[in-house]
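Chains as they are written, first to last, in the working numbering: chain A, 609 to 922; chain B, 609 to 922. Ideal placement from N, C-alpha and C gives every residue a C-beta, glycine not left out. No experiment lies behind these values; they were computed from the predicted model shown. Okay, so here's the structure we're looking at.
2 protein chains.
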Amino acid sequence: MHAAVLRYFDHVARQGSIRKAAESLSIASSAVNRQILRLEDEIGVPLFERSRSGVRPTAAGELLLRHVRETQNEFQRARAEIASLGGTVSGTVRIISLESVVARVLPQIVAEMATRHPRVSFTVLTIHPSEVADALRSGDSDFGVLFIDNRVSGVEIVAEFPTTVGALMRPDHPLAGARTLTLTECARHPVVMLNDRWLLDPIMAAEFAESGARLTPRIVSNSIEFMRQTISRGLGIGFVSPIGFLDEIRRGELVHVPLAEPGLASSRIGILVPRQRRLSPPARLAINHVQKHFNEFGRLLTAPDRGPKRRRRR
Amino acid sequence: MHAAVLRYFDHVARQGSIRKAAESLSIASSAVNRQILRLEDEIGVPLFERSRSGVRPTAAGELLLRHVRETQNEFQRARAEIASLGGTVSGTVRIISLESVVARVLPQIVAEMATRHPRVSFTVLTIHPSEVADALRSGDSDFGVLFIDNRVSGVEIVAEFPTTVGALMRPDHPLAGARTLTLTECARHPVVMLNDRWLLDPIMAAEFAESGARLTPRIVSNSIEFMRQTISRGLGIGFVSPIGFLDEIRRGELVHVPLAEPGLASSRIGILVPRQRRLSPPARLAINHVQKHFNEFGRLLTAPDRGPKRRRRR
DNA sequence: GCGCTACGCTGCCATTTCGGCAGCACTCGG
DNA sequence: CCGAGTGCTGCCGAAATGGCAGCGTAGCGC
């Protein structure tokens with residue numbers, strides 16, 4: 609329905625080059641070039657700055673680009689909405705999330721939805737926290753499952769789930785029997801540490817820093833999977849939310865003991881959607897699934913093996 | 609930039625007929641017809657119900673229509689935004705308002721803007737209150753200058769100005785010297801009445817009804833201009849907000865005495881914009897002008913000839 | 001019933017637009 | 001100096017777009 613030039617324009621801006629865009633569009637570069645020139649003629653101002661190495665959107669280009677992308681996104685959403693009139697949910701759901709959620713929770717959700725709604729496709733990406741705000745606001749994704757950072761604006765929190773950062777260790781570890789632990793208590797044992805601000809949310813990072821416990825990690829990594837392996841082999845204890853390790857905890861292969869530090873005990877994971885945006889039917893469905901799962905996990909997320917504590921709040 | 613089919617689709621839906629749409633587009637009906645058929649083919653579902661008397665959008669059609677219109681509106685806004693980068697404000701401002709405001713306030717504003725920003729064009733419409741919500745939400749207009757009705761949702765109040773409904777009369781009228789008046793006091797004299805719910809806002813109408821003052825109007829009309837004439841000739845007193853008569857009041861040709869009834873004394877006129885919508889640069893400018901004017905009129909709006917009372921609030 | 005009108009739709013054709021190919025002018029890095 | 005990258009431009013065939021005339025149908029007035 610929409611003019612081809614919208615797609616061309618978007619690609620050119622993304623690739624920063626007319627020829628590259630043409631290639632990714634499987635089209636002759638001359639065609640793309642002409643469409644861009646015609647568009648600039650219509651708008652009346654240059655949309656790109658030409659340099660030897662390619663093109664870069666001008667201020668006007670950025671403005672129009674936002675309109676074009678918004679139009680494309682809204683069109684997809686409208687189509688999905690129309691398709692859902694006939695009962696069949698279809699379209700693409702684009703999710704950004706934490707590595708641990710991507711690895712453990714989302715696959716199951718995708719599997720569930722895939723059987724019931726075969727015409728829904730998924731894009732699931734892990735993302736650097738500094739890009740969270742942009743990724744949501746630009747409309748490149750439908751929603752995020754992320755640590756809640758109050759400093760990020762322009763997003764709405766659809767649901768939030770408290771989770772507890774705790775010490776993760778083997779059941780035969782000396783500290784495995786404790787109900788809670790402080791960082792200082794843990795400091796006497798080998799530690800496996802996430803090195804990245806990335807996987808720890810900013811609040812957690814601050815808490816770790818000011819807790820004063822001089823943790824000297826034996827192992828540092830930014831790979832959840834690597835942590836899983838090393839902890840499972842008894843090489844140390846890790847400080848993480850239990851989400852990425854729910855299966856192991858349930859099977860009794862690992863134990864998750866909540867930390868006593870208040871700032872860490874009250875960490876929150878939330879479903880975030882860009883404000884001022886309508887969600888497509890499949891996106892709404894996916895959010896419901898995520899919500900359901902986190903509610904079911906609720907008990908485990910806060911106090912793995914012990915009694916029930918609390919449920920979702922709004 | 610955008611495909612022609614968007615315009616065709618919009619016109620067909622508006623006119624309820626392919627041939628009519630074609631005519632209003634100055635194009636052959638066959639061309640329009642084919643574009644619609646092609647579009648339905650692309651979307652995969654019928655967008656119109658065909659009947660002998662024309663076409664009517666299906667549910668899917670309504671959905672797509674909303675996307676199309678939103679796209680067109682946003683495109684206009686984006687163009688205006690781009691134009692304003694170069695310093696020249698351009699585009700169209702679409703305003704809906706009360707008859708009295710349209711007649712007395714907006715002309716001056718349009719005049720002011722026209723000299724400074726010759727490339728801005730205006731659409732100024734009076735509108736029936738029942739259509740206020742739709743007109744704003746559908747994006748057919750940029751903002752409204754209207755009586756505030758709290759029951760209308762989906763709109764945001766950018767600014768509001770208290771105004772007083774009062775009795776309007778000639779200076780030589782027996783009641784002209786009063787500081788305030790009740791409806792009962794006025795009931796003893798001939799009255800010129802707006803017959804329409806239209807120009808009175810709903811709150812005012814209710815207040816009039818329950819005040820119990822059995823007003824027996826000598827003259828009833830729904831024309832502001834007719835009221836002006838009859839009141840000026842001493843045929844009665846009218847109950848109106850002073851906006852439409854500011855010039856006469858300033859020149860001393862008419863006197864506006866506030867009513868004592870509390871519900872009427874606190875009537876509010878507001879600048880309303882649809883929620884969830886970005887305003888085009890010229891629209892923002894126009895709103896600023898309106899705001900400035902109402903602030904200047906502030907004193908007159910509440911207590912025409914007497915001391916200052918209040919200013920804008922937020 | 002019989003025109004008349006208005007509706008959506010469909011072949012056929014001219015015109016416009018779009019895309020592919022090759023090539024130009026240019027700049028940068030080796 | 002040369003090769004590889006850039007944006008841009010003629011030229012030409014192909015595709016889309018719009019105009020015209022006409023078909024079939026349904027409602028309305030006489």
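What do you get for Pro779(B), buried or exposed, if any count of 16 or more other CB atoms within 10 angstroms of its CB means buried?
exposed
Supposed close pair Val760(A), Ala741(A) - CB separation, criterion 8 Å:
5 Å
I'd like to confirm the pairing. Which residues does DSSP put opposite Phe683(B) in its beta bridges?
Beta-bridge annotation (DSSP): Phe683(B) is not paired with any residue.
With the cut-off set at 8 Å, would you say Gly699(B) and Arg712(B) are in Cβ contact?
no
Determine, using beta-carbon pairs with one atom in the region 718-738 of chain B and one in the region 850-864 of chain B, whether at least three such pairs fall under 8 Å.
no
Those runs of the beta strand (DSSP E) which lie wholly inside the region 686-750 of chain B and span at least 3 residues
699-705 and 728-734
Determine whether the beta carbon atoms of Ala636(B) and Ala629(B) lie at a separation below 8 Å.
At a Cβ-Cβ threshold of 8 Å, Ala636(B) and Ala629(B) do not count as neighbours.
CA-CA distance, Ile651(B) and Thr723(B)?
46 Å
What in chain A is Cβ-close to Leu693(B), meaning under 8 Å?
Within chain A, the residues near Leu693(B) are Val653, Ala667, Ala668 and Leu671.
Glu869(B) and Ser840(B) look like a contact to me (Cβ under 8 Å); what is the Cβ gap, rounded to whole Å?
Actually they do not touch by this definition, with Cβ atoms about 25 Å apart.
Does the region 638-646 of chain B come into contact with the region 678-685 of chain B, if we say contact requires no fewer than three beta-carbon pairs (one atom in each stretch) closer than 8 Å?
no
Does the beta-carbon distance from Leu671(A) to Glu856(B) come in below 8 Å?
no
Taking Cβ-Cβ distances below 9 Å as the criterion, which residues of the region 610-627 of chain B are in contact with chain A?
His610, Ala611, Ala612, Val613, Leu614 and Phe617
Measuring only the C-alpha atoms, how far is His924(B) from Ile765(B)?
The shown model of chain B, from 609 to 922, leaves out residue 924(B), and the question about it has no answer.
State the CB to CB distance for the pair Asp757(A) and Arg677(A), rounded to an integer number of angstroms; the pair is presumed to be in contact (CB under 8 Å).
24 Å between Cβ atoms; not a contact.
Output needed for Thr696(B): all residues of its chain with C-beta closer than 7 Å, excluding positions within five of it in sequence on either side, in chain order.
Arg727
Which of the three DSSP states, helix, strand or coil, is assigned to Val898(A)?
helix
DSSP three-state assignment for Arg575(B), whether helix, strand or coil
Chain B is shown only over 609 to 922; residue 575(B) falls outside these bounds and no answer can be derived.
Kindly indicate which residue of Arg892(A), Arg658(A), Phe751(A) and Ile879(A) has the alpha-carbon position closest to the one of Pro770(A).
Ile879(A)
Below-8 Å beta-carbon distance, Met690(B) vs any chain A residue
In the sequence on display, residue 690(B) carries Ile and not Met. So yes, Ile690(B) belongs to the interface.
For Gly846(B), tell me which candidate among Arg858(B), Arg859(B) and Ile832(B) has the shortest Cα-Cα distance.
Ile832(B)
Can you pull the chain B residues whose beta carbon is under 9 Å from the beta carbon of Leu645(A), in chain order?
Correct list: empty, because the minimum Cβ distance to chain B is about 13 Å.
Under 9 Å Cβ-Cβ, which residues of chain B neighbour Glu927(A)?
The question about residue 927(A) has no answer, for chain A in this structure spans 609 to 922.
For Met777(B), the first and last residue of its enclosing beta strand (DSSP E):
Gly774 to Met777
Identify whether Thr790(A) lies in helix, strand or coil by the three-state DSSP scheme.
coil
Opposite Leu867(A) in the DSSP bridges: which residues?
Leu789(A)
What is the DSSP secondary structure of Met835(A), reduced to helix, strand or coil?
helix
Whole-angstrom distance between Ala612(A) and His610(B), CA atom to CA atom:
9 Å
Using a Cβ cut-off of 8 Å (strictly closer), state whether Phe683(A) contacts chain B.
Cβ-Cβ to chain B under 8 Å: yes for Phe683(A).
Three-way DSSP call (helix, strand, coil) for Pro889(A) in this model
helix
So which of Ala795(B), Leu867(B) and Arg627(B) has the shortest CA-CA distance to Arg660(B)?
Arg627(B)
Anticipated Cβ contact below 8 Å, Val865(A) with Met835(A), distance rounded:
Not quite, the Cβ-Cβ distance comes to about 16 Å (not below 8 Å), so this is no contact.
At 8 Å on the CB atoms, spell out the chain A contacts of Ala686(B), in chain order.
Leu671, Leu672, Arg674 and His675
Any C-beta of chain B within less than 9 Å: which residues of the region 712-723 of chain A qualify?
none
Bridge partner(s) assigned by DSSP for Ala767(B):
Ile879(B)
At the level of alpha carbons, what is the spacing between Leu614(A) and Leu673(A)?
9 Å
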